[in-house]
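With UniProt numbering, letter number 50 in the sequence shown gets 50, and the count goes up by one each step, no holes. Built from N, CA and C at the ideal position, the CB exists for glycine as well.
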Amino acid sequence: MDKHIEKIKAHLKEIENLKQGLQLFSEDEEEHISLLAKIQHQFDLISDESMEGFKELTLHIRNTGQKRIQRGIDQLPHAIKESVSEDIKDMKRAGELFD
1 MDKHIEKIKA HLKEIENLKQ GLQLFSEDEE EHISLLAKIQ HQFDLISDES MEGFKELTLH
61 IRNTGQKRIQ RGIDQLPHAI KESVSEDIKD MKRAGELFD
């Protein structure tokens with residue numbers, strides 16, 4: 001995730017640099033349009049980087065959830081055994097009451 005943040009920061013810095021160029025070339029329409037297109041491209045790169053970060057985090061969330069589910073499944077036989085043992089003990093106690 002940090003690498004995505006750093007790349008986004010670098011693109012934002014590049015946008016700031018290009019904005020300064022806009023002020024310098026405000027009279028030259030062709031250069032002005034070229035700089036605007038470069039700024040637009042930086043925003044496009046930011047959106048791509050954001051999407052990659054989003055996908056990475058989604059995968060991490062999914063893997064964490066799967067681990068949690070697997071732990072629950074692994075504990076299930078033990079929990080069932082405990083529950084059945086308690087039920088058997090309760091039935092034996094109830095049976096002793098009627099003897």
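What is the rounded straight-line gap between the Cα of residue i and the Cα of residue j?
i, j, result
"E29", "E49", "30 Å"
"A10", "T58", "24 Å"
"R93", "I80", "20 Å"
"R62", "D44", "27 Å"
"L22", "I33", "9 Å"
"G65", "S85", "30 Å"
"I5", "E82", "48 Å"
Can you tell me where the alpha helix (DSSP H) with residue i in it begins and where it stops?
i, result
"D16", "For the record, residue 16 in the displayed sequence is Glu; it is not Asp. E16 -> alpha helix (DSSP H) spans D2 to L24."
So, residue i versus residue j, is the Cβ gap smaller than 7 Å?
i, j, result
"I46", "I8", "yes"
"I15", "Q42", "yes"
Where does residue i sit, in a helix, a strand or coil, going by DSSP?
i, result
"D28", "coil"
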